[in-house]
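Everything on this sheet refers to the single structure shown next.
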Amino acid sequence: MSPAEETAKLLRQFGVAGMGDLVSYSPIDGAEIGRLAVGNAAEAAERAARAFLEWRTVPAPRRGELVRLLGEELRAAREPLARLVTLESGKIVQEGLGEVQEMIDICDFAVGLSRQLYGLTIASERPDHRMIEQWHPLGPVLVISAFNFPVAVWAWNAALALVCGDPVIWKPSEKTPLCAEAVMALVRRALDRLGDAPDGLVQLVQGGRDIGEALVDDPRIALVSATGSTAMGRSVGPRVAGRFGRALLELGGNNAMIVAPSADLELASRAILFSAAGTAGQRCTTLRRLIVHESIGDELVSRLRALFAQAKVGDPREPGTLIGPLIDEAALDAMRGVLGDEIEQVDAVAGGFYVRPAIVEVDEQAGSVLKETFAPILHVLRYRDFEEAIALNNAVPQGLSSSIFTTDLRESERFLSAGGSDCGIANVNIGPSGAEIGGAFGGEKETGGGRESGSDSWRAYMRRQTNTINYGSDLPLAQGIRFDIAP
Ligand code: UN1
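Under my numbering, the residues of the sequence shown are numbered 75 to 561, in order.
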């Protein structure tokens with residue numbers, strides 16, 4: 075079945091009727107697979123602001139019930155939704171399924187969280203006083219998501235925002251609008267089953283940059299959670315700051331792996347194949363820089379060349395395929411910009427842009443090595459001294475993810491220490507990509523500093539309130555200040 079036929083069948087199953095000016099294409103063969111109407115930013119912001127007034131006082135565990143129902147809908151629709159992710163983003167079936175599983179996982183996490191939005195009790199310096207810290211709902215949250223994780227990243231944000239008491243507006247990538255429509259169909263089922271959620275609690279606004287900007291600038295949106303390129307973040311961050319809104323930025327990565335002499339090379343090679351070539355190099359956590367000790371460099375590179383040559387590039391729906399198409403021709407051009415004639419295109423499905431993952435050995439980190447090119451290009455550098463390897467890991471503008479392969483405890487601990495990796499994620503004996511939802515996800519420097527998903531990332535979706543309560547019959551002032559009218 076062609077991607078267009080298969081998509082049409084799936085959309086019918088989800089009850090999504092596609093028509094409008096926004097066109098979606100499958101990267102599998104470049105053909106049109108659906109059309110959608112562009113949304114209205116101001117209307118969405120108004121509805122969300124109104125929904126907030128109700129949702130913020132619904133008990134958090136009841137809000138969690140909505141997310142629990144959404145998790146059930148996602149479980150039931152796991153396969154068709156994953157298939158749609160494959161058709162519209164080009165990732166292989168296994169990764170599409172993983173992406174939907176990530177949505178289910180964050181729903182489960184958020185349901186538990188809905189009973190654990192804890193504040194602190196703080197010791198007061200005054201007699202008969204106590205202090206507490208409460209977390210209250212923040213307001214409407216705008217989620218801007220990217221094509222490479224067309225559904226999971228929305229779920230990381232939406233599941234938390236909803237239990238935290240915040241309405242959600244979703245502005246998906248223009249490259250993957252159909253996946254978002256299918257998810258919204260599931261959201262509507264969950265909302266119907268819940269029964270009493272306010273109108274406008276979860277909305278989808280399709281459109282291009284202008285729609286995104288109108289939402290980013292809207293003062294009714296309390297938090298803008300944006301995933302995408304550093305260039306996008308450079309525009310969104312200051313705009314939101316300019317109106318004193320809150321931004322959670324999840325931008326580019328340029329992730330490295332250090333492979334030390336004691337490393338298990340078999341494990342390291344498998345991890346490198348998945349993290350450098352998986353998702354056709356289009357994850358923000360993709361491994362882009364390999365920093366290998368000179369004593370094992372030749373052996374590791376020759377193992378990798380063999381693996382990269384064997385990995386099947388092709389239709390992501392076919393069993394055995396490990397590397398699907400790039401998202402579009404612009405991605406191919408970007409890859410060609412780095413590799414020139416060395417680029418190896420694969421003639422897989424007419425109309426799609428398929429490439430073999432590339433290994434490029436370099437002597438220093440300069441030019442394209444410092445940039446995030448969203449394609450499967452692995453730059454290989456060699457190091458002599460361990461401190462040099464850490465310095466190389468950190469010597470790029472981005473700071474998302476990093477990893478080390480070593481069996482030397484001193485090296486791994488040094489890598490994880492304050493003087494080690496400067497990234498938001500630092501792993502030992504696994505690659506930099508493929509994080510679980512339980513941890514906080516995000517990075518430093520040009521990656522934008524935001525944290526989503528697990529741990530205490532939920533705090534970004536709430537406002538903190540400090541309360542001091544006097545239960546005595548005196549009025550002592552803080553810091554012992556006396557402020558009495560003289561008798
Ligand atoms: C992204 O590429 O934007 O850690 C998110 C990972 C995935 C999420 C990636 N769990 O690779």
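All C-beta atoms in this analysis are idealised placements derived from N, C-alpha and C, irrespective of residue type, glycine included.
Closer than 7 Å: residue i CB and nearest the ligand UN1 heavy atom
i      : result
Asn231 : no
Arg525 : no
Glu438 : no
Val227 : yes
Phe223 : yes
Arg357 : yes
Ser507 : yes
Glu79  : no
Ala220 : yes
Glu176 : yes
Thr521 : no
Thr301 : yes
Pair within 8 Å by beta-carbon distance, residue i and residue j
i      : j      : result
Thr250 : Glu162 : yes
Gly138 : Val185 : yes
Arg149 : Gly170 : no
Ile433 : Val387 : no
Ala122 : Pro214 : yes
Glu134 : Val237 : The identity of residue 134 in the sequence shown is Ala, whereas the question assumes Glu. Against a cut-off of 8 Å, the Cβ pair of Val237 and Ala134 comes out as a contact.
Ile166 : Thr395 : yes
Ser529 : Gly508 : no
Ile332 : Ile365 : yes
Ser442 : Val470 : no
Met306 : Leu278 : no
Leu140 : Ala271 : yes
Met536 : Leu212 : yes
Thr521 : Gly326 : yes
Ala500 : Pro431 : no
Leu444 : Leu361 : no
Ala449 : Gly355 : yes
Ala408 : Phe427 : no
Leu144 : Cys181 : yes
Asn328 : Glu248 : no
Ala119 : Leu289 : yes
Asn467 : Ala350 : no
Leu155 : Ala256 : yes
Leu252 : Leu381 : no
Glu518 : Gly473 : yes
Trp209 : Arg525 : no
Glu368 : Tyr457 : yes
Arg308 : Leu455 : no
Asp179 : Ile511 : yes
Per-residue burial, residue i [other beta carbons within 10 Å of its own, 16 or more giving buried]
i      : result
Val97  : exposed
Thr610 : Residue 610 lies beyond the range of the chain shown here (75 to 561); nothing can be said about it.
Ile555 : exposed
Glu173 : buried
Asp284 : exposed
Gly164 : buried
Phe557 : exposed
Tyr545 : exposed
Gln539 : exposed
Ile243 : buried
Ser219 : buried
Ser527 : buried
Lys245 : buried
Ile559 : exposed
Ser486 : buried
Leu127 : exposed
Arg484 : exposed
Gln553 : exposed
Ala115 : buried
Met75  : exposed
Leu265 : buried
- Message: Between the stretch 337 to 348 and the stretch 316 to 326, can you find at least three pairs of beta-carbon atoms closer than 8 Å?
- Response: The count of Cβ pairs closer than 8 Å, one atom from the stretch 316 to 326 and one from the stretch 337 to 348, stays below three, leaving the stretches out of contact.
- Spell out a yes or no on whether the stretch 300 to 319 and the stretch 378 to 393 are touching, meaning 3 or more CB-CB pairs, one atom from each, closer than 8 Å. Touching, no.
- Check whether the stretch 409 to 427 touches the stretch 99 to 108, counting contact only when three or more Cβ pairs, one atom from each stretch, lie closer than 8 Å. Touching, per the Cβ criterion.
- Query: Are the stretch 488 to 503 and the stretch 464 to 479 in contact at 8 Å, needing three or more beta carbon pairs?
  - Reply: Because the criterion of three Cβ pairs below 8 Å is met, the stretch 488 to 503 and the stretch 464 to 479 touch.
- Message: Does the stretch 220 to 229 come into contact with the stretch 197 to 207, if we say contact requires no fewer than three beta-carbon pairs (one atom in each stretch) closer than 8 Å?
- Response: No: the two stretches stay apart, fewer than three of their Cβ pairs being nearer than 8 Å.
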